[in-house]
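Top to bottom, those sequences are chains A and B. If you count the first sequence from 1, position 18 lands on 44 in the numbering used here, and the numbers rise without skipping. If you count the second sequence from 1, position 145 lands on 257 in the numbering used here, and the numbers rise without skipping. As structure tokens, the structure follows; a few thoughts come after it.
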Amino acid sequence: MITVYHYMTVAAILFAMGTYGVLTRRNAIVIFMCIELMLNSVNLTFIALSSHLQNMDGQVFVLFVMAVAAAEAGVGLALMIAFYRNRDSIDVDDINLMKL
Amino acid sequence: MELIFFYLIAIVAVASGFLVIRCQSPVNSALGLVNTFFCLAIFYVMLHAPFMAAIQIMVYAGAIMVLIIFVIMLLNLGTEARKRYTTGVVWSAIASLLVLFNVMYFIKRGRVTGAEGDITSYTVESVGHVELIGKALFTEYLLPFEIASILLLVAIVGAVVLAKKEV
């Protein structure tokens, strides 16, 4: 029998892996993909709990998370293109324009 | 049988997530991420949320991943340079293990409680998932829905302004 804890465990593992990726990778696009991985693990938790508690609120929240992720994808990738045009790199170590 | 299937999909999802964080080439990471999205869509179907699975495949695996791969190919990114390899990996591993330990501790020790609704899997099958979502979205969550639409509009305008030539 699959319980809600199974799904939450998978979501926790995916979230921790996303955290590791965000903290270790240098490529800004890969960091962005790791953030998407973390958002998806949260979505899995929302839907698992929504299915367990038998109401719709969690699934409506997942729709809003997806809307925010889509907006983030558009703006984030536009930022990366603008940065690449200035520096010829999207390595996050090169993003130091505001450093003293 | 269902449990074996669950474990199979879970292993594939975690392995694809591992590919996302370990692959040298961003394109390989993107392919692993698509695989993870499909595994999560299968989970949504198993959780009686078929509309969410369809949205997951269309929005994430369809739209967002195409955008990411398009940018990867537009910028012509090769494999990551390994020369500037610092000791941050150890601390990052400790931090992520701490996150994992915390979350697992709460999952193991806690009990899931809350306001139980009346939308069972039978209701989803008889009424229809899309209708239930639509009813919740346009009655109870109408204001957040409108705010999300304004957010998407602002994001479109912002993306166009940011990616223009003379910035």
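Glycine included, every Cβ here is placed at the ideal spot set by N, Cα and C.
Express the C-alpha separation of residue j and residue i in angstroms, rounding to a whole number.
i, j, result
"I116 (chain B)", "M27 (chain A)", "10 angstroms"
"L49 (chain A)", "T225 (chain B)", "33 angstroms"
"T29 (chain A)", "I57 (chain A)", "31 angstroms"
"S115 (chain A)", "R223 (chain B)", "47 angstroms"
"A127 (chain B)", "I39 (chain A)", "11 angstroms"
"V124 (chain B)", "L126 (chain A)", "45 angstroms"
"K276 (chain B)", "I268 (chain B)", "12 angstroms"
"T251 (chain B)", "I245 (chain B)", "10 angstroms"
"P138 (chain B)", "L189 (chain B)", "8 angstroms"
"S208 (chain B)", "Q136 (chain B)", "20 angstroms"
"V236 (chain B)", "C60 (chain A)", "32 angstroms"
"M177 (chain B)", "S67 (chain A)", "16 angstroms"
"S204 (chain B)", "E243 (chain B)", "44 angstroms"
"L152 (chain B)", "A37 (chain A)", "10 angstroms"
"M64 (chain A)", "D117 (chain A)", "21 angstroms"
"L274 (chain B)", "L264 (chain B)", "15 angstroms"
"A99 (chain A)", "S141 (chain B)", "16 angstroms"
"L249 (chain B)", "M106 (chain A)", "33 angstroms"
"F257 (chain B)", "G200 (chain B)", "40 angstroms"
"I181 (chain B)", "L103 (chain A)", "10 angstroms"
"V86 (chain A)", "Y253 (chain B)", "8 angstroms"
"K247 (chain B)", "R51 (chain A)", "42 angstroms"
In terms of residues, what are the limits of the alpha helix (DSSP H) holding residue i?
i, result
"V178 (chain B)", "M177 to L187"
"S77 (chain A)", "A54 to L79"
"L254 (chain B)", "L254 to L274"
"V202 (chain B)", "G200 to R221"
"M43 (chain A)", "V30 to T50"
"Q85 (chain A)", "D83 to R113"
"L115 (chain B)", "E114 to R134"
"I154 (chain B)", "P138 to M158"
"M142 (chain A)", "The first residue shown for chain A is 27 and the last is 126, placing residue 142 (chain A) beyond what the model contains."
"K277 (chain B)", "Segment: none, K277 (chain B) is in no alpha helix (DSSP H) and carries neither H nor E."
"V239 (chain B)", "S233 to V239"
"I167 (chain B)", "P162 to I167"
Who are the near neighbours of residue i in its chain, counting only those whose CB is closer than 6 angstroms to its CB and skipping five residues on each side?
i, result
"L75 (chain A)", "G84"
"G129 (chain B)", "T148"
"L145 (chain B)", "V132"
"N53 (chain A)", "none"
"F41 (chain A)", "M64 and S67"
Am I right that residue i and residue j are in contact with their C-beta atoms under 8 angstroms? What's the rounded C-beta distance?
i, j, result
"I55 (chain A)", "I184 (chain B)", "6 angstroms"
"I121 (chain B)", "F155 (chain B)", "7 angstroms"
"G229 (chain B)", "L89 (chain A)", "Going by Cβ atoms, the distance from G229 (chain B) to L89 (chain A) rounds to 17 angstroms, so no, they are not a contact pair."
"G270 (chain B)", "V101 (chain A)", "5 angstroms"
"R113 (chain A)", "D120 (chain A)", "5 angstroms"
"V171 (chain B)", "M82 (chain A)", "About 19 angstroms; that fails the 8 angstroms criterion."
"H32 (chain A)", "F118 (chain B)", "6 angstroms"
Can you find the residues in the same chain that come closer than 7 angstroms, C-beta to C-beta, to residue i, ignoring five residues on each side of it along the sequence?
i, result
"M34 (chain A)", "T71 and A74"
"A161 (chain B)", "H241"
"A165 (chain B)", "A153, Y156 and V157"
"S233 (chain B)", "H160"
Report all residues from its chain with a CB closer than 8 angstroms to the CB of residue i; omit the five preceding and five following residues, and keep chain order.
i, result
"I231 (chain B)", "L244"
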